[in-house]
Amino acid sequence: DYRSVDPLFGSNDDFDKLLASAHQLNLKIIIDMVLSHTSIEHPWFKESRSSKDNPKYDWYVWADAKPDGAPPNNWVSVFGGSAWEWDKTRQQYYLHNFLKEQPDLNYHNNDVQKAVLDECRYWLDKGVDGFRLDVINFIVHDQKLRDNPPKDPEKEGYATQLEKPDPYNNQHHIYDKSRPEAL
């Protein structure tokens with residue numbers, strides 16, 4: 002939900018009061034926006050996962066399994082494990098660069114871009130002065146879903162030498178984040 006203040010920080014009414022007080026003091030308010038993904042509980046995702054032919058079917062990054070049932074590529078979640086989660090309802094994998102409960106939006110879809118900009122416009126219309134865009138480098142992925150190349154363990158394999166290996170840092174992330182199209 003992009004329009005509600007997390008109850009941990011108060012309510013929308015509390016935020017409105019904070020914003021008004023800050024502006025009376027000539028202070029600017031910026032808010033943190035995570036635009037690369039939503040929760041699996043978000044209405045957009047619930048609709049997207051419901052079928053392959055609904056209006057939001059491609060609002061998230063969905064992909065078929067490989068012939069052996071494996072994920073579509075070798076992308077790894079920042080927090081460990083595959084960046085792909087099998088969805089029993091849709092019978093496809095969805096991309097999650099972070100937690101499996103945080104599916105990635107498909108910014109190759111113009112409707113997604115418009116919807117996210119509408120969410121930002123909501124806050125600007127309320128009087129917010131700007132945004133800190135968290136993990137914005139994850140909004141665009143390679144449409145061909147190519148495998149990320151591995152790092153050479155002899156030259157770049159520091160992550161394999163750690164007490165607890167870090168698979169995420171054993172790849173060159175040229176296809177799953179920081180894509181030139183994001184600019």
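Counting along the sequence shown from 1, when you hit position 148 you're at 149 in my numbering, and nothing is skipped either side.
All residues carry an ideal CB built from backbone N, CA and C; glycine is no exception.
With a 10 Å radius around its C-beta and 16 neighbouring C-beta atoms as the bar for buried, classify residue i as buried or exposed.
i: ASP105; result: buried
i: SER22; result: exposed
i: TYR54; result: The sequence shown places Asp at residue 54, rather than the Tyr named in the question. Classification for ASP54: exposed.
i: ARG122; result: exposed
i: LEU96; result: buried
i: LYS67; result: exposed
i: LYS57; result: buried
Along the chain, where does the alpha helix (DSSP H) containing residue i start, and where does it finish?
i: ASP112; result: 111–127
i: GLN25; result: 13–25
In angstroms, rounded to a whole number, what distance separates the CA positions of residue i and residue j?
i: ILE30; j: SER12; result: 16 angstroms
i: HIS38; j: TYR3; result: 11 angstroms
i: ASP130; j: HIS24; result: 10 angstroms
i: HIS43; j: GLU155; result: 43 angstroms
i: LYS101; j: LYS18; result: 35 angstroms
i: SER83; j: SER40; result: 18 angstroms
i: ASN111; j: ASP119; result: 12 angstroms
i: SER49; j: GLN103; result: 14 angstroms
Are the Cβ atoms of residue i and residue j separated by less than 8 angstroms?
i: VAL136; j: VAL35; result: yes
i: ASN98; j: VAL117; result: no
i: TRP45; j: GLN93; result: no
i: ASP143; j: ARG91; result: no
i: ILE32; j: PHE139; result: no
i: LEU20; j: LYS127; result: yes
i: PRO73; j: TRP87; result: no
First and last residue of the beta strand (DSSP E) that includes residue i?
i: GLU86; result: 85–88
i: ARG133; result: 131–135
i: VAL6; result: From DSSP, VAL6 is part of no beta strand (DSSP E); its letter is neither H nor E.
i: GLN93; result: 93–96
Spatial neighbours of residue i within its chain, please: C-beta separation below 7 angstroms, excluding the five flanking residues on both sides.
i: ASN107; result: ASP59, TRP60, TYR61, VAL62 and VAL113
i: SER5; result: ASN13
i: PHE16; result: VAL6
i: LEU134; result: MET34 and LEU36
i: ASN149; result: ASN75, TRP76, GLN172, HIS173, HIS174, ILE175, TYR176 and ASP177
i: TRP124; result: ILE32
Give me, in chain order, the residues of the same chain whose beta-carbon lies closer than 6 angstroms to that of residue i; leave out the 5 immediate sequence neighbours on both sides.
i: TRP147; result: According to the sequence displayed, residue 147 carries Arg and not Trp. Excluding positions up to five away in sequence, the list reads TYR176.
i: ALA183; result: ILE140 and VAL141
Who are the near neighbours of residue i in its chain, counting only those whose CB is closer than 8 angstroms to its CB and skipping five residues on each side?
i: SER51; result: THR90 and ARG91
i: ASP65; result: PRO73, GLN93 and TYR94
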